[in-house]
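All remarks here apply to the structure that follows.
Protein chains: 2
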Amino acid sequence: MKHLIEKTLSSKRIFQGRVIDLYHEEVELPNGKTSKREIVKHPGAVAVIAMTDDHKMVMVKQYRKAMDRILVEIPAGKLEQGEEPIETAKRELEEETGYTCDSLRHIISFYTSPGFADELVHLYLAEELKVMETKAELDEDEFVDVLHLSLEEALTYIQTQQIYDAKTAYAVQYLQLRSAIGE
Amino acid sequence: MKHLIEKTLSSKRIFQGRVIDLYHEEVELPNGKTSKREIVKHPGAVAVIAMTDDHKMVMVKQYRKAMDRILVEIPAGKLEQGEEPIETAKRELEEETGYTCDSLRHIISFYTSPGFADELVHLYLAEELKVMETKAELDEDEFVDVLHLSLEEALTYIQTQQIYDAKTAYAVQYLQLRSAIGE
């Protein structure tokens with residue numbers, strides 16, 4: 001694979017933030033020439049397909065500053081230091097939706113933007129949901145509305161671009177596939 | 001939706017790159033408190049599910065600096081200034097794989113990392129592929145191998161984490177769904 005791999009010649013941290021760090025790197029290309037790479041470092045995140053017993057997806061509506069718009073997404077959040085992804089999944093589900101779950105299993109993990117960022121999202125399926133007696137608290141800078149959508153409603157939300165992000169589109173398609181193969 | 005929306009108090013550009021820009025912003029939260037947001041601006045990108053007449057997906061194997069590893073992905077690339085996404089899709093397919101196509105249609109668009117970036121990926125389905133007589137040229141800092149994978153092979157690549165990114169996972173699931181509903 002030598003004809004594909006790049007070698008780091010220098011790496012400079014441009015920014016260290018609360019969520020992401022930015023690096024500017026000089027690399028040696030496989031042909032010996034040099035180029036620059038812009039790299040965002042991210043701690044990783046989880047996302048949760050949360051299904052109620054009556055087959056509704058629990059979603060959150062929230063404002064996203066990067067796009068200056070409100071999106072409807074499956075519950076999600078970034079990994080805290082030293083936290084196992086499955087713990088993050090349970091915590092984010094509880095904090096964002098007020099549900100906890102008796103069944104939580106890993107579906108798939110994927111990098112979201114491999115061209116410029118190392119963010120890896122771990123996707124879980126939460127079932128056997130129960131409303132929590134005492135609602136867990138959101139982060140102090142987080143504000144969300146909780147929605148319950150049938151698969152048909154979720155597909156309409158995709159058509160109208162209210163659902164407009166990769167992990168949620170993957171989640172809806174996952175349920176379409178599960179329904180098509182009769183699981 | 002006022003109880004969700006954040007107001008920009010200040011915005012500072014930290015970095016202006018070839019691919020991404022980074023902004024650090026101060027916002028007023030819906031409850032009147034303030035917080036900071038780290039925002040990556042990206043020109044947007046396309047990705048192409050390219051199917052040969054014998055039902056193979058055309059994929060590219062490439063080194064990704066952000067993760068320091070080789071990934072197998074569907075052909076993709078970022079929008080150039082003033083370029084329509086469907087033109088980018090055709091160009092990237094030709095440059096990365098050496099195929100052109102007679103049929104190209106939009107499937108879905110999605111933000112990849114709404115928590116920190118505005119990258120929007122437009123996904124296309126390319127069919128009726130033809131090998132180009134004169135191969136289009138890759139960007140001078142791009143090195144890729146072309147692969148042809150059946151759906152079954154692609155699913156194995158997901159299990160072994162050689163396919164490990166959101167757009168390609170979505171694409172494979174799209175073909176699974178199409179196969180399940182007999183299209």
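Heads up: the protein sequence lines correspond to chains A and B, in order.
Sequential numbering from 1 applies to the first sequence in UniProt numbering.
Sequential numbering from 1 applies to the second sequence in UniProt numbering.
Just so it is clear, CB atoms sit at the ideal spot from N, CA and C, and this is done for glycine as well.
On a predicted model such as this, the values are computed, not experimentally measured, just so you know.
- A residue is called buried when at least 16 other Cβ atoms come within 10 angstroms of its Cβ; residue 167 of chain B meets this threshold and is buried.
- For residue 86 of chain B, no beta strand (DSSP E) run applies; the uninterrupted alpha helix (DSSP H) run containing it begins and ends at 85–97, by DSSP.
- Its chain contains 24, 25, 26 and 27 as the residues whose beta carbon lies nearer than 8 angstroms to that of residue 36 of chain A, once the 5 sequence neighbours on both sides are disregarded; these appear in chain order.
- A distance below 8 angstroms separates the beta carbons of residue 128 of chain B and residue 103 of chain B.
- Between the C-alpha atoms of residue 108 of chain B and residue 18 of chain A there is a straight-line separation of about 31 angstroms.
- Among the CB atoms of chain B, one or more fall inside 8 angstroms of the CB of residue 67 of chain A.
- Remark: C-beta atoms of residue 138 of chain B and residue 96 of chain B approach each other more closely than 8 angstroms.
- Going by beta carbons, residue 110 of chain A and residue 66 of chain B fall outside the 8 angstroms limit.
- Beta bridge pairing from DSSP links residue 179 of chain B with no other residue.
- Neighbourhood of residue 169 of chain B in chain A, by CB distance below 8 angstroms: 108, 110 and 170, in chain order.
- Per DSSP, reduced to three states, the secondary structure at residue 173 of chain A is helical.
- Beta-bridge analysis with DSSP links residue 136 of chain A to no other residue.
- Assigned with DSSP and collapsed to three states, residue 66 of chain B falls in coil, not helix or strand.
- For residue 63 of chain A, the closest Cβ of chain B is nearer than 8 angstroms.
- Scanning the segment 4–87 of chain A from its first residue to its last, no whole alpha helix (DSSP H) run of 4-plus residues comes out.
- Residue pairing of residue 126 of chain A in beta bridges, as defined by DSSP: A/50 and A/104.
- Near chain B, meaning a CB-to-CB distance below 8 angstroms, the residues of the segment 80–109 of chain A are 108 and 109.
- Of A/121, A/33 and A/162, the smallest CA-CA separation from residue 59 of chain A is found for A/162.
- Residue 5 of chain B and residue 30 of chain B have their C-alpha atoms spaced approximately 6 angstroms apart.
- Between residue 121 of chain A and residue 46 of chain A, the C-beta spacing is below 8 angstroms.
- The Cβ of residue 117 of chain A sits closer than 8 angstroms to at least one Cβ of chain B.
- The continuous alpha helix (DSSP H) containing residue 157 of chain A extends over residues 151–159.
- Taking the beta carbon of residue 177 of chain A as reference, the chain B residues within 7 angstroms of it are 173, 176, 177 and 180, listed in sequence order.
- In terms of CA proximity to residue 150 of chain B, B/52 leads the group B/180, B/52, B/69 and B/62.
- Excluding its 5 nearest sequence neighbours in each direction, residue 126 of chain A has C-beta neighbours in its own chain below 6 angstroms: 48, 50, 93, 101 and 104, listed in chain order.
- Under a criterion of Cβ atoms nearer than 7 angstroms, the residues of chain B adjacent to residue 3 of chain A are, in order, 143.
- According to DSSP, residue 110 of chain A shares a beta bridge with A/121.
- Note on residue 39 of chain B: 16 or more other CB atoms within 10 angstroms of its CB, so buried under the neighbour-count rule.
- Per DSSP, the beta bridge partners of residue 145 of chain B are B/61.
- For the 8 angstroms CB-CB criterion, residue 62 of chain A and residue 143 of chain A form a contact.
- Taking C-alpha positions only, residue 84 of chain A is separated from residue 9 of chain A by approximately 33 angstroms.
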